[in-house]
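Undergrad:
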Amino acid sequence: DAGVTQSPTHLIKTRGQHVTLRCSPISGHKSVSWYQQVLGQGPQFIFQYYEKEERGRGNFPDRFSARQFPNYSSELNVNALLLGDSALYLCASSLYRGPNQPQHFGDGTRLSIL
Amino acid sequence: QQQVKQSPQSLIVQKGGISIINCAYENTAFDYFPWYQQFPGKGPALLIAIRPDVSEKKEGRFTISFNKSAKQFSLHIMDSQPGDSATYFCAASGPGGFKTIFGAGTRLFVKA
Chain L
1 DAGVTQSPTH
11 LIKTRGQHVT
21 LRCSPISGHK
31 SVSWYQQVLG
41 QGPQFIFQYY
51 EKEERGRGNF
61 PDRFSARQFP
71 NYSSELNVNA
81 LLLGDSALYL
91 CASSLYRGPN
101 QPQHFGDGTR
111 LSIL
Chain Z
115 QQQVKQSPQS
125 LIVQKGGISI
135 INCAYENTAF
145 DYFPWYQQFP
155 GKGPALLIAI
165 RPDVSEKKEG
175 RFTISFNKSA
185 KQFSLHIMDS
195 QPGDSATYFC
205 AASGPGGFKT
215 IFGAGTRLFV
225 KA
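Just so you know, the sequences run in chain order L and Z.
Quick note on our numbering: the first sequence kicks off at 1 and runs consecutively.
Quick note on our numbering: the second sequence kicks off at 115 and runs consecutively.
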């Protein structure tokens, strides 16, 4: 079975632009979470979606938004990009909603802001 | 209260030795404590996890020890191998919350 897939793998943008990152969860998984991982740090929670609804949000500005589609895939959108948005963006899927479910991570999208 | 503090920041162990990574948390509502392994260019992979009603869990060469009263937990890697060289993250999550809080990570290097 395919794991969590994310696209694109790498992306270079300039300040002020917007970006859309995509995630396909493991087949049958209904929950998708997004994390930001700055170099040398642990992942920081951005959003969780379950059954197409936002179930949780971390301490990120409104420039960050996301959505989940009927097939449970998800998009993360970031507007008005800042240099500090440069990071690895990780998507994780789990079978059900809730933090106690094992999360399976994709290999991330490396976003660089110039 | 939402922090998970992890130490050491980096660790060098001889092949065959024991690697020990420690984590401490503050929020007593946390009730699920996973450990993740991350190789360069890859996403974190779940290694082993424990709930606070258990003091120890072992899977192969990996053991989690959990001290609920001290609000600390640790990962022990027995018979460490060069292939274990990676960054390890402890994490915590709990009911009513939906996000997993990660530690800052430990870079492990196992010398052959």
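Each residue gets a CB set at the ideal place from its N, CA and C atoms; glycine is no exception.
Determine the direct distance from the alpha carbon of E173 (chain Z) to that of S199 (chain Z), and round the result to whole angstroms.
TA: Position 85 of the second sequence, counting from 1, holds the residue named residue 199 (chain Z). Position 59 of the second sequence, counting from 1, holds the residue named residue 173 (chain Z). The alpha-carbon separation between S199 (chain Z) and E173 (chain Z) amounts to approximately 18 Å.
Undergrad: Taking buried to mean at least 16 other C-beta atoms within 10 Å of its own C-beta, is I46 (chain L) buried or exposed?
TA: Taking the first residue of the first sequence as position 1, residue 46 (chain L) is located at position 46. Counting Cβ neighbours within 10 Å, I46 (chain L) comes out buried, since at least 16 surround it.
Undergrad: Please confirm if L39 (chain L) has its CB atom under 8 Å from at least one CB of chain Z.
TA: The residue labelled residue 39 (chain L) in the question sits at position 39 within the first sequence. For L39 (chain L), the answer is no, since every Cβ of chain Z falls outside 8 Å of its Cβ.
Undergrad: Does the distance from the C-beta atom of E75 (chain L) to that of T5 (chain L) stay below 8 Å?
TA: Stepping through the first sequence from its first residue, residue 75 (chain L) is reached at position 75. Stepping through the first sequence from its first residue, residue 5 (chain L) is reached at position 5. Contact flag unset, no.
Undergrad: Per DSSP, H18 (chain L) forms a beta bridge with which residues?
TA: Taking the first residue of the first sequence as 1, we reach residue 18 (chain L) at position 18. None, per the DSSP bridge assignment.
Undergrad: Which bits of chain L does G174 (chain Z) rub up against, with CB to CB less than 9 Å?
TA: Translated into the one-based positions of the second sequence, residue 174 (chain Z) becomes position 60. Ordered by position in chain L, no residue passes the 9 Å Cβ test against G174 (chain Z), which lies about 17 Å from the chain.
Undergrad: Under the assumption that T9 (chain L) contacts R110 (chain L) (Cβ atoms under 8 Å), give the Cβ distance between them as a whole number of angstroms.
TA: The residue you call residue 9 (chain L) lines up with position 9 of the first sequence. The residue you call residue 110 (chain L) lines up with position 110 of the first sequence. T9 (chain L) to R110 (chain L), Cβ: 7 Å. Contact.
Undergrad: If N136 (chain Z) sits next to S188 (chain Z), beta carbons under 8 Å apart, how far is it from one beta carbon to the other, in whole angstroms?
TA: Residue mapping note: residue 136 (chain Z) aligns to position 22 of the second sequence, counting from 1. Residue mapping note: residue 188 (chain Z) aligns to position 74 of the second sequence, counting from 1. Contact holds; Cβ gap of about 5 Å.
Undergrad: Given a threshold of 16 other Cβ atoms within 10 Å of its Cβ, counted over all protein chains shown, does H104 (chain L) qualify as buried or as exposed?
TA: Locating residue 104 (chain L) in the first sequence gives position 104, where the first residue counts as 1. Classification for H104 (chain L): buried.
Undergrad: At the level of alpha carbons, what is the spacing between S94 (chain L) and L114 (chain L)?
TA: For this step, residue 94 (chain L) is matched to residue 94 along the first sequence. For this step, residue 114 (chain L) is matched to residue 114 along the first sequence. So the two alpha carbons sit approximately 33 Å from each other.
Undergrad: Report back the beta-carbon spacing between F147 (chain Z) and A163 (chain Z) to the nearest angstrom; my notes put them in contact at under 8 Å.
TA: Along the second sequence, read from residue 1 onward, the residue named residue 147 (chain Z) stands at position 33. Along the second sequence, read from residue 1 onward, the residue named residue 163 (chain Z) stands at position 49. Between A163 (chain Z) and F147 (chain Z) the Cβ distance is about 6 Å, and since that is below 8 Å, they are a contact.
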